[in-house]
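Here the numbering used here is used: the first residue of the sequence shown is 21, the next is one more, and so on. Backbone N, C-alpha and C define an ideal beta-carbon position, used for all residues, glycine too.
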Amino acid sequence: MTLPAGTRTAGRAAGLGPSVFAEMTELAVRTGSVNLGQGFPETDGPPAILEAARQAVLGGSNQYPPLGGTPRLRRAAAAQREKRYGTPYDPDTEVVVTSGATEAITAAVLALCGPGEEIVFFDPSYDSYPAAAALAGAVCRRVPLRPSPDGFSYDPADLRAAVTPATRVLLLNTPHNPTGKVFTHQELADIADVCVDLDLVAVVDEVYEYLVYDGLVHRPLASLPGMAERTLTVSSAGKTFSLTGWKVGWACGPADLIAAVRSVKQYLTYATAAPLQDAVALALESHEPWVTALRHTLSGNRDTLARALGVAGLEVVPAQGGYFLQAAVTAGGPDAAAYCRALPYSSGVVAIPTGAFTDGSGRYGDLVRFSFCKTPGTLAEVAKRLTSRV
21 MTLPAGTRTA GRAAGLGPSV FAEMTELAVR TGSVNLGQGF PETDGPPAIL EAARQAVLGG
81 SNQYPPLGGT PRLRRAAAAQ REKRYGTPYD PDTEVVVTSG ATEAITAAVL ALCGPGEEIV
141 FFDPSYDSYP AAAALAGAVC RRVPLRPSPD GFSYDPADLR AAVTPATRVL LLNTPHNPTG
201 KVFTHQELAD IADVCVDLDL VAVVDEVYEY LVYDGLVHRP LASLPGMAER TLTVSSAGKT
261 FSLTGWKVGW ACGPADLIAA VRSVKQYLTY ATAAPLQDAV ALALESHEPW VTALRHTLSG
321 NRDTLARALG VAGLEVVPAQ GGYFLQAAVT AGGPDAAAYC RALPYSSGVV AIPTGAFTDG
381 SGRYGDLVRF SFCKTPGTLA EVAKRLTSRV
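See below:
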């Protein structure tokens with residue numbers, strides 16, 4: 021018997037169709053536009069790290085590594101957290117290597133949330149968060165971030181109101197994609213209070229932990245009182261070392277939560293690319309100066325793009341970290357989605373409407389996300405294109 025069209029896909033996957041990223045990337049290719057829609061660098065990471073990976077491949081590191089990751093990378097990740105933030109982890113029981121941060125987050129959600137249980141996160145959000153919730157059969161509870169001339173903020177009352185007896189996980193991203201927000205110490209303290217008071221597990225996506233600007237400092241939620249025993253901290257090499265295609269990430273946390281992630285990961289990818297793991301360990305061990313230079317470049321890129329967007333008539337919302345700027349389209353003009361579809365033809369630039377990172381409620385219908393993780397030359401060309409029509 022042939023099943024009717026549309027009945028072959030499970031309900032939890034039915035809504036996971038092609039994203040706006042695919043549409044806008046295709047539009048960039050078709051129009052020859054500069055693609056500021058997706059957050060990937062134009063240059064590779066440190067040459068010594070690339071060489072270490074090459075040597076690992078040629079040296080025979082091409083079979084299954086341990087499920088939890090190579091010992092060297094687990095040790096390097098644990099040492100980085102303790103040295104930088106004062107949060108110690110046992111590399112044998114409290115660290116697991118994953119195929120990018122996305123796998124770590126998805127595995128955590130699948131391990132910690134069941135059908136009908138709830139996940140709280142801030143809106144707009146990275147698009148894999150609601151997708152992971154859908155795969156788990158969990159319910160999303162969104163806390164709005166509100167733009168202002170000073171950046172994005174949230175109302176602590178909204179956070180407490182979002183938590184119900186069915187809530188199991190609070191999913192936090194700081195520095196935040198897509199807004200560029202770095203959560204303040206007071207905001208993190210409020211979030212920690214909610215987690216402790218209401219017995220939530222926190223899954224914290226810190227992939228932009230090194231990419232913080234204007235003298236601000238990233239502080240992990242796990243470092244706050246009462247949070248070490250209930251927090252999974254996730255990071256990766258992709259954003260820190262401009263190696264987004266390597267998909268090497270890790271999660272650190274208490275042994276019971278790491279065991280839960282590992283139990284799911286073994287049936288997703290089982291293990292992460294063997295020859296890349298010790299190369300990433302070398303990066304964590306010795307290449308922080310390279311990241312410092314990258315941070316300086318990205319800060320300058322952000323400022324170049326912000327000036328160009330302002331000249332082009334957009335209202336820029338300040339970003340304190342990450343890869344992205346948010347800007348509001350001119351009042352009375354087209355909404356953000358229409359603006360983004362027209363921009364490749366008018367200016368030869370592609371961006372993403374911020375509504376793609378929310379639930380379709382229209383809350384961010386005037387905002388557009390632009391990436392600035394490109395070369396200074398590319399950003400100079402973007403500035404020229406955006407301002408030439410003014």
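Measure from the alpha carbon of residue i to the alpha carbon of each residue in the options, then state which is nearest.
i      : options                           : result
LEU132 : TYR105, GLU114, GLY157 and THR90  : GLY157
ALA419 : GLY120, ALA177, THR407 and PRO176 : Because the chain spans 21 through 410 in this model, residue 419 falls outside it and cannot be assessed.
VAL370 : PHE377, ASP217, CYS360 and LEU130 : CYS360
VAL336 : LEU220, ALA279, GLY171 and GLU207 : GLY171
TYR230 : VAL202, THR113, GLY57 and GLY333  : VAL202
PHE344 : ALA280, THR289, CYS160 and SER145 : SER145
ASP225 : GLY265, THR45, ASP379 and CYS272  : CYS272
ALA153 : VAL189, ILE372, GLY120 and GLY65  : VAL189
LEU236 : SER119, ALA339, LEU155 and LEU325 : ALA339
GLU308 : ASP213, LYS103, LYS404 and PHE141 : LYS103
LEU56  : ASP386, ARG383, TYR384 and SER367 : SER367
GLY65  : GLU138, ALA177 and THR260         : THR260
ALA358 : VAL388, GLY341, ALA326 and GLY342 : VAL388
GLN100 : THR126, PHE141, PRO245 and TRP270 : TRP270
PHE41  : PHE390, ALA186, ASN193 and VAL402 : PHE390
LEU399 : LEU318, ALA291 and LEU363         : LEU318
SER119 : TRP266, PRO198 and VAL331         : TRP266
Is it buried or exposed for residue i, if we count other Cβ within 10 angstroms and need 16 for buried?
i      : result
ALA303 : buried
PRO67  : exposed
SER306 : exposed
GLY258 : buried
TYR365 : exposed
LYS285 : buried
ALA73  : buried
SER168 : exposed
THR63  : exposed
TYR228 : buried
SER53  : buried
VAL268 : buried
ASP379 : exposed
THR184 : exposed
LYS404 : exposed
GLU46  : exposed
MET21  : With a pLDDT of 46 at MET21, under the threshold of 50, the predicted position of this residue should be treated as unreliable, though the coordinate-derived value follows. Classification of MET21: exposed, given that the 10 Å Cβ count is below 16.
LEU78  : exposed
TYR149 : buried
PRO245 : exposed
State yes or no: is the C-beta of residue i within less than 8 Å of the C-beta of residue j?
i      : j      : result
GLY320 : PRO195 : no
THR107 : SER262 : no
ARG282 : LEU87  : yes
LEU252 : LEU218 : no
ALA182 : VAL163 : yes
GLN75  : ALA294 : no
LEU93  : VAL300 : yes
ALA121 : SER255 : yes
LEU166 : TYR174 : Reading the sequence as shown, one finds Arg at residue 166 and not Leu. Contact flag set, yes.
PHE392 : ASP147 : no
THR264 : PRO61  : yes
LEU334 : THR350 : yes
VAL117 : GLN297 : yes
LEU288 : ALA127 : yes
TYR232 : ARG250 : Sequence check: residue 232 is Val here, not Tyr. Not in contact: VAL232 and ARG250 (Cβ atoms no closer than 8 Å).
Let me check one thing: in DSSP terms, what residues is residue i bridge-paired to?
i      : result
TRP310 : Beta-bridge pairing links TRP310 to no other residue.
PHE172 : PRO167
LEU387 : ALA348
TRP270 : VAL117 and SER255
PHE141 : ARG162 and LEU191
GLY341 : VAL232
PRO373 : VAL388
VAL54  : VAL369
Where do the N-terminal and C-terminal ends of the alpha helix (DSSP H) with residue i fall, by residue?
i      : result
GLU123 : 120 to 132
THR260 : 257 to 260
THR45  : 40 to 51
GLU401 : 396 to 408
VAL237 : Unbroken run through VAL237: none, as it is neither H nor E.
ASP379 : No alpha helix (DSSP H) contains ASP379, which DSSP labels as neither H nor E.
LYS285 : 275 to 285
SER148 : 148 to 156
PRO85  : Here PRO85 belongs to no alpha helix (DSSP H), and DSSP marks it neither H nor E.
At which residues does the beta strand (DSSP E) containing residue i begin and terminate?
i      : result
ASP225 : 221 to 225
THR113 : First-last for THR113: undefined, no H or E at that position.
GLU335 : 335 to 337
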